[in-house]
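Read through the structure below, which is laid out as structure tokens, and then see the notes.
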Amino acid sequence: MVLGIDLGTTNSVATAIVDGEIKSIVFDNSELLPSVVHISPRGVIVGVKAKNIAKVEPENTAISIKRKMGQDIKVNLNNKKYSPQEVSSFILKRIKDEAQKELNSEIKEVVITTPAYFNEQQREATKQAGEMAGFTVLRILNEPTAAALSFGTNKDEDSIYAVYDLGGGTFDISIIESCEGVVEVLATSGNSQLGGDDFDTKLAELIWERSGFKIEKTLKIDVKLNQLAEEVKVKLSSEDIVEIDEKFFAKVDNKPLHLRVEVTKEDFNKLIKANILETIELLNSTMEEAEIEYEELSGILLTGGSSRIPLIEELILENTEVLPILIEDPDKSVSIGATIQGALIKGENTDSILVDITPYSLGISTLDDKSFFNEDMEIELKFSKIILKNSPVPVFKTKKFYASTEYQKAYQIDVYQGEHSNLNENIKIGEAFLEINKPVQDGEIDVTFALDVNGILKVEAIEVNTKEDIKVELKSKIGKKVTKKVLSDKLVNSNEENLILKIDAIFNNPEISSDDKNELIELKNRYLNINDEKEKLSIEEEILDLIFYLEE
Ligand code: AMP
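To convert, take the position in the sequence shown, counting from 1, and add 1382; that gives this note's numbering.
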């Protein structure tokens, strides 16, 4: 069995193929292992514990060691000097131990990924780290190639993708051509010193500035501030505003410092906009280098944890006019690609690799796009999907809804499962009731659905202005085992050309009624004639919903 390892700057991920399915190795209840190493007289600690210790004892802890790979330097941990590859080997050794335990077999062979930008020395250091951990390193694979492989692009007939990979510490861009099962990197570029960590640093500075504290920043405060900034940054990917309220943030002269700061998405976007534009410039120049025009691309694949930042999609769309495709599971895609590469090296058939998907759409009842239910209305309700059928699980999605009356005091959230736009043809699986103590004139709620592999659906609704919220846990009817789907089908063709092809294909189906055809034509025309990209995305969603429904 070959293990695929994404040895990341911030987190590492490992996956293997077990009985034709991708299986992630779990570390301390998470599929992400923080790439943090702490050494104390008691021994070596790797992962989330080391990350926590870093808050109180940063000096014996190595973070982001990947940035130092290939350099002729040593880091001092617990009074001993270690090379970057030695520190990395501790991370890999932990992965090996956990994988062997979990998969109940000896694991020798691995494929490890590195940024495409890594030079020979950096690659060699990564290989050495693998060997020090007791592995046989079958291949060092470029991360963007791995991401593309995970997407099944090697199974496309002939296609060209740009892979935009923004992780914790590195940015990579690659133009990749898939032809008859062979993936070729046409051009690659990046910045090995740019990633989510830099956004954390900038945000930490802003938080510190706004805190009003007039004290010297200690190393401990710095580490804590950075971790706090990361939490805030992640929240800002789905929320417009984050209020920090840490009563015991630090101690000065034995008195606690109370940190109270507010940060908005706009503040954050301002901080990072220049960085994102820099990545888009690199995308442009790499396209030029590959002698490829944007029209020739089958898509821009977004991968790496930081690609979840909404500003990235917005700016890419604005600058390239290509709709980016956010890989459903950007944290795991590189590791999955490494695993597939391992299987390909061993001559295994990867056509049958399966992923878990949800066989039903899940959503809530609403009036129409711009309104939300009140208690005594009599209008026929429609089904608004939040998680679409066939989404690989686990999956996490947020959708915004608007109040139907001014100063609305309560929101009844009825959760349904099914595919029909007519609400009553779907199955109700539960409900939640959100009461607002201080209603605002134009209420807005964000409804988040998180569906895990066991079919447990966590629903959270939050009123955006007042931050009042409700959380419920429901059991969807998908049972323990969700259906399986060949990995290469995972690609959702969300660029314009593919969408139009999809519309045309369904339009030509003789079983489609003329009413449905008219609705399709109307949506298609609206889609093609609209310039506002946000509206366009929302129409696209409507079209995909309708297509799903008609395909049923
Ligand atoms: P990776 O190196 O691909 O594991 O990416 C890790 C980086 O992604 C870290 O900087 C994380 O803080 C960042 N990240 C993960 N999830 C999110 C999110 N939802 N929004 C913004 N950044 C994120």
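For each residue, glycine too, the CB sits at the ideal point set by N, CA and C. These figures come from a predicted structure and were not determined experimentally.
Where DSSP assigns a beta bridge to residue i, which residues make up the other side?
i, result
"Gln1467", "Per DSSP, none; premise fails for Gln1467."
"Asp1851", "Ile1844"
"Leu1415", "Ser1394"
"Arg1424", "DSSP, once it has assigned bridges, lists no residue as partnering Arg1424."
"Ile1888", "DSSP output for Ile1888 lists no bridge partner at all."
"Ile1495", "Here the sequence assigns Thr to residue 1495, which means Ile is not the residue at that position. Answer is Asp1388 and Leu1523, bridged to Thr1495."
"Ile1769", "Leu1744"
"Ala1569", "Ile1557"
"Tyr1546", "Ile1555 and Leu1684"
"Asp1828", "Lys1782 and Ile1844"
"Ile1626", "Val1643"
"Val1822", "According to DSSP, Val1822 bridges with nothing at all."
Just curious, the alpha helix (DSSP H) that residue i is in, first and last residue?
i, result
"Pro1706", "Looking at the DSSP string, Pro1706 is not in any alpha helix (DSSP H); the run it does join, the beta strand (DSSP E), is Pro1706 to Leu1708."
"Ser1786", "Taken as a continuous stretch (DSSP letters only), Ser1786 belongs to no alpha helix (DSSP H), as it is neither H nor E."
"Lys1606", "Leu1601 to Leu1618"
"Asp1635", "Careful: Asp1635 lies outside any alpha helix (DSSP H) and carries neither H nor E."
"Leu1805", "Where Leu1805 is concerned, there is no enclosing alpha helix (DSSP H), given that its DSSP letter is neither H nor E."
"Gly1512", "Glu1502 to Met1514"
"Thr1668", "Lys1647 to Ala1672"
"Phe1581", "Gly1578 to Ser1593"
"Asn1900", "Ser1896 to Asn1911"
"Asn1701", "Pro1692 to Thr1702"
"Val1438", "Val1430 to Val1438"
The beta strand (DSSP E) with residue i in it runs from where to where?
i, result
"Ala1398", "Asn1393 to Val1400"
"Ile1404", "Glu1403 to Ser1406"
"Gln1794", "Ala1792 to Gln1799"
"Ile1522", "Thr1518 to Asn1524"
"Phe1815", "Ile1809 to Glu1817"
"Leu1726", "First-last for Leu1726: Ser1715 to Ile1727, but that is the alpha helix (DSSP H), not the beta strand (DSSP E)."
"Leu1679", "Premise fails: Leu1679 is in no beta strand (DSSP E) and is neither H nor E."
When you compare each of the options to residue i by their alpha carbons, which one comes out closest?
i, options, result
"Glu1468", "Gln1482, Gly1452 and Val1408", "Gly1452"
"Gly1745", "Glu1901, Ile1709 and Lys1782", "Lys1782"
"Gln1575", "Asp1454, Asn1657 and Glu1933", "Asn1657"
"Glu1904", "Val1841, Val1492 and Leu1928", "Leu1928"
"Ser1571", "Leu1697, Glu1901, Ala1498 and His1640", "Ala1498"
"Ile1522", "Lys1475, Ile1709, Gly1719 and Ser1689", "Gly1719"
"Glu1403", "Asn1891, Glu1730, Ser1895 and Pro1892", "Glu1730"
"Asn1804", "Tyr1931, Lys1853 and Glu1901", "Tyr1931"
"Glu1842", "Ser1688, Asn1442 and Glu1621", "Glu1621"
"Ser1532", "Ile1912, Ile1809, Ile1709 and Lys1810", "Ile1709"
"Pro1821", "Glu1807, Ala1814, Asn1847 and His1802", "Asn1847"
"Met1383", "Phe1765, Thr1721 and Thr1780", "Thr1721"
"Val1482", "Phe1409, Glu1439, Leu1520 and Lys1437", "In the sequence as displayed, the identity of residue 1482 is Gln instead of Val. The shortest Cα separation from Gln1482 among Phe1409, Glu1439, Leu1520 and Lys1437 belongs to Phe1409."
"Glu1613", "Lys1478, Gly1687 and Arg1476", "Gly1687"
"Ile1623", "Leu1881, Ile1387, Lys1849 and Glu1917", "Lys1849"
Taking Cβ to Cβ, would you say residue i is nearer than 8 Å to residue j?
i, j, result
"Ile1542", "Ser1680", "yes"
"Ile1626", "Leu1607", "no"
"Leu1693", "Asn1666", "no"
"Ala1396", "Val1418", "no"
"Ile1885", "Val1829", "no"
"Gly1812", "Val1493", "no"
"Gly1594", "Gly1577", "no"
"Ile1489", "Leu1385", "yes"
"Pro1706", "Leu1684", "yes"
"Ile1844", "Ile1818", "no"
"Ser1743", "Gly1800", "yes"
"Asp1635", "Ala1611", "no"
"Met1669", "Ala1530", "no"
"Ala1792", "Leu1763", "no"
"Ile1912", "Ile1921", "yes"
"Gly1425", "Leu1415", "no"
"Leu1699", "Leu1659", "no"
"Asn1460", "Pro1423", "yes"
"Ser1470", "Ala1511", "yes"
Applying the 10 Å Cβ sphere with the 16-neighbour rule, what's the burial state of residue i?
i, result
"Tyr1546", "buried"
"Leu1856", "buried"
"Tyr1798", "buried"
"Asp1871", "Unreliable placement is indicated for Asp1871, whose pLDDT of 35 sits below 50; no coordinate value is reported for it."
"Glu1480", "buried"
"Ile1712", "Just to set this straight, residue 1712 is Pro in the shown sequence, not Ile. With 16 or more other Cβ atoms within 10 Å, it is buried."
"Asp1454", "exposed"
"Ala1398", "buried"
"Asp1579", "buried"
"Glu1559", "buried"
"Thr1748", "buried"
"Pro1935", "Outside the displayed span of the chain (1383 to 1934) sits residue 1935, for which this structure offers no information."
"Lys1478", "buried"
Answer yes or no: the CB of residue i versus the heavy atoms of ligand 2, is any distance below 7 Å?
i, result
"Glu1695", "Looking for ligand 2 in the displayed structure turns up nothing; the ligands present are ligand 1."
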